[in-house]
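So the protein sequences, as listed, match chains A and B.
Counting from 12, one number per residue, gives the positions in the first sequence under the working numbering.
Counting from 12, one number per residue, gives the positions in the second sequence under the working numbering.
Notes to accompany the following structure.
Protein chains: 2
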Amino acid sequence: MPESVLPPIRVLVVEDEPLAAEAHAVYVGRLAGFELVGTAGTGQDAFRRVAAAASAGVPIDLVLMDMNLPDSHGLDVSRRIRAAGLATDIIAITAVRDLENVRGAIAAGVVQYLIKPFTYSTFAAKLTSYRHFRRELNEQASVVTQSAVDHAFASLRAPADISRPKGLADSTLNAVVAYLQAQAAPVSASELMKPLGLSRVTARRYLEYLADLGLVLRAPRYGTPGRPENEYSWTNAR
Amino acid sequence: MPESVLPPIRVLVVEDEPLAAEAHAVYVGRLAGFELVGTAGTGQDAFRRVAAAASAGVPIDLVLMDMNLPDSHGLDVSRRIRAAGLATDIIAITAVRDLENVRGAIAAGVVQYLIKPFTYSTFAAKLTSYRHFRRELNEQASVVTQSAVDHAFASLRAPADISRPKGLADSTLNAVVAYLQAQAAPVSASELMKPLGLSRVTARRYLEYLADLGLVLRAPRYGTPGRPENEYSWTNAR
DNA sequence: CACGGTTGCGGTCATATTGTTCACGAGCCG
DNA sequence: CGGCTCGTGAACAATATGACCGCAACCGTG
Chain A
12 MPESVLPPIR VLVVEDEPLA AEAHAVYVGR LAGFELVGTA GTGQDAFRRV AAAASAGVPI
72 DLVLMDMNLP DSHGLDVSRR IRAAGLATDI IAITAVRDLE NVRGAIAAGV VQYLIKPFTY
132 STFAAKLTSY RHFRRELNEQ ASVVTQSAVD HAFASLRAPA DISRPKGLAD STLNAVVAYL
192 QAQAAPVSAS ELMKPLGLSR VTARRYLEYL ADLGLVLRAP RYGTPGRPEN EYSWTNAR
Chain B
12 MPESVLPPIR VLVVEDEPLA AEAHAVYVGR LAGFELVGTA GTGQDAFRRV AAAASAGVPI
72 DLVLMDMNLP DSHGLDVSRR IRAAGLATDI IAITAVRDLE NVRGAIAAGV VQYLIKPFTY
132 STFAAKLTSY RHFRRELNEQ ASVVTQSAVD HAFASLRAPA DISRPKGLAD STLNAVVAYL
192 QAQAAPVSAS ELMKPLGLSR VTARRYLEYL ADLGLVLRAP RYGTPGRPEN EYSWTNAR
């Protein structure tokens, strides 16, 4: 079953302060799987861009929305987007951190809430977890089970485990990546253990990590007796 | 922290089928910390009730929204509530489980997505996790931290218990469903084994499962020698 | 027209092989 | 020397496969 490479997630940065806007834009550009489609400085402009993109057939997938805009509040813009029925997800970015705003953000269908100031790693964690969510939904042809839906919703939450190789050693990781890149055909965990001298458990752990990161594709291999074996292949995309 | 100080979460059940509405109402009543404020049978009625309660100063906290309503779609009602800026959370309840609806639900700020039919324990798990979320937010003073917000979001979408029958793998199930949906003509178990690389036994097991769920139709195929072969076709129900 | 033979799928079971988890040990750093 | 990190091996759970038998409809003969 051919698994297509995912198109990048199209992002619009909404932020009135030029310096911050620039910073966010740079951050987005640094992340794999995201494509910056522009920045907007006002609520008006933001809504227009989102609506225009949707009707032009190249919808904006994600908006990084500052709450404090010169002409309106970010929540109002979010509500307008909702009211128009646009299928755009929104991550709120704000220095305001009172309860009412958080509640309001959730009620406006905001997917994540980032409090300024934040570090790049926090930012990256949020967006990565969003990418995770997108990928999981895309892997489903059609959502069939409650567990699949639960999984998708759960990956919208903020895990701190992104890009933090916990329990993984850099040297081993490098070896695995190098071997995968050299190999044209997909590789299974058992096939990895011999050439690299790793145990099955360890090999699988690294492959699984890379798959979660979206760097390798994972697909079950049928046809042999026994539980199906997952095979992993390096994605040359990007 | 004493739980009794919290006011109950006020719930509105939106469901046009009287039997289901009654069942949901009973379920809500059985859960501690929730208070049923009524049921609505149409989208119009639902919106009116939510708006009226908000302006009367006794806002509805949570709506259990059926997606299939006689006068409009649940997502449209959700968008209207959003557009009005009402701080009400929504849990979607639906038998429809395609990708588009799930995406749309998230974009409409839906907090959880329950697939009908569900057991009481699934229902209870979803509402309990929502109650957790409410409590966490209420425990905060007016100023919140990033980690507190993260925590709240996480428990908002915490996965509940699941009940995919054992012996079936999600990835295989997805592959089968995807193939069935892509195929216009009915498919037999043997015909499924080649394109997906599955054995006949496995293919049949998944097809049989989907048939039991009512997602595919099963019919014997006559005219060929040998025992008649069952053919399965995706039901485009809805 | 009746009736046994042929055919090829339906259903079940044992088997194979991996995924997962857990406790433990080896190396490293302070 | 103590604590932390990472890999290993073993035990257990999960899940597809192959083989086997029986069945239900076609297909011949009488």
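Positions of the beta carbon are idealized from the N, C-alpha and C atoms, including for glycine.
All figures in this text were calculated on a predicted structure; none of them were measured in a lab.
Could you tell me if residue i is buried or exposed, where buried requires 16 or more neighbouring beta carbons within 10 angstroms of its beta carbon?
i: Asn185(A); result: exposed
i: Arg249(A); result: The predicted position of Arg249(A) is uncertain, since its pLDDT is 43 and thus under 50; a value taken from the coordinates is nonetheless stated next. Its Cβ having fewer than 16 others within 10 Å, Arg249(A) is exposed.
i: Leu224(B); result: exposed
i: Arg59(A); result: exposed
i: Gly40(A); result: exposed
i: Arg90(B); result: buried
i: Val61(A); result: buried
i: Lys205(A); result: exposed
i: Thr213(B); result: buried
i: Glu111(A); result: exposed
i: Arg232(A); result: exposed
i: Thr235(A); result: exposed
i: Val252(A); result: No statement about residue 252(A) is possible, as the shown extent of chain A runs from 12 to 249 and does not include it.
i: Asp161(A); result: buried
i: Thr139(A); result: buried
i: Thr130(A); result: exposed
i: Arg238(B); result: exposed
i: Gly178(B); result: exposed
i: Glu28(B); result: exposed
i: Pro18(A); result: exposed
i: Ala57(A); result: buried
i: Asp172(B); result: The predicted model places Asp172(B) with a pLDDT of 45, which falls under 50 and marks its position as unreliable; any figure quoted below should be read in that light. Result: exposed.
i: Arg108(B); result: buried
i: Ala67(A); result: exposed
Are the beta-carbon atoms belonging to residue i and residue j less than 8 Å from one another?
i: Asp77(B); j: Ala118(A); result: no
i: Tyr124(B); j: Phe164(A); result: yes
i: Ile20(A); j: Leu73(A); result: yes
i: Ala65(B); j: Leu23(B); result: no
i: Tyr251(A); j: Thr183(A); result: Examination of residue 251(A) is not possible in this model, given that chain A is present from 12 through 249 alone.
i: Leu42(A); j: Ala135(A); result: yes
i: Leu209(B); j: Val198(B); result: no
i: Tyr220(B); j: Pro176(B); result: yes
i: Leu8(B); j: Ala32(B); result: Residue 8(B) lies beyond the range of chain B shown here (12 to 249); nothing can be said about it.
i: Ala116(A); j: Ala95(A); result: no
i: Ala230(B); j: Arg215(B); result: no
i: Leu203(B); j: Val188(B); result: no
i: Arg93(A); j: Arg146(B); result: no
Residue i bridges to which residues according to DSSP?
i: Glu242(A); result: Ser199(A), Ala230(A)
i: Leu125(A); result: Ile104(A)
i: Arg21(A); result: Glu46(A)
i: Leu207(A); result: Leu207(A) is not bridged to any residue.
i: Asn79(A); result: His84(A)
i: Trp51(A); result: Before going further, note that residue 51(A) is Ala rather than Trp in the sequence given. Answer is Val25(A), bridged to Ala51(A).
i: Val278(A); result: This structure gives no information on residue 278(A), because the portion of chain A shown stretches from 12 to 249.
Mind reading off the beta-carbon distance from residue i to residue j? Whole number of angstroms is fine, and I expect it under 8 Å.
i: Arg114(A); j: Gly44(A); result: The Cβ separation is near 31 Å, so there is no contact.
i: Gly54(B); j: Asp87(B); result: 7 Å
i: Val25(A); j: Ala51(A); result: 5 Å
Positions along the stretch 115–130 of chain A whose CB lies within less than 8 Å of some CB in chain B: Gly115, Ile117, Ala118, Ala119, Gly120, Val121, Val122, Gln123, Tyr124, Leu125, Ile126, Phe129
Chain A contacts made by the stretch 99–111 of chain B, where a contact means CB separation under 8 Å: Thr99, Asp100, Arg108, Asp109, Leu110
Chain A contacts from the stretch 76–96 of chain B (Cβ-Cβ distance under 7 Å): Arg90, Arg93, Ala94, Gly96
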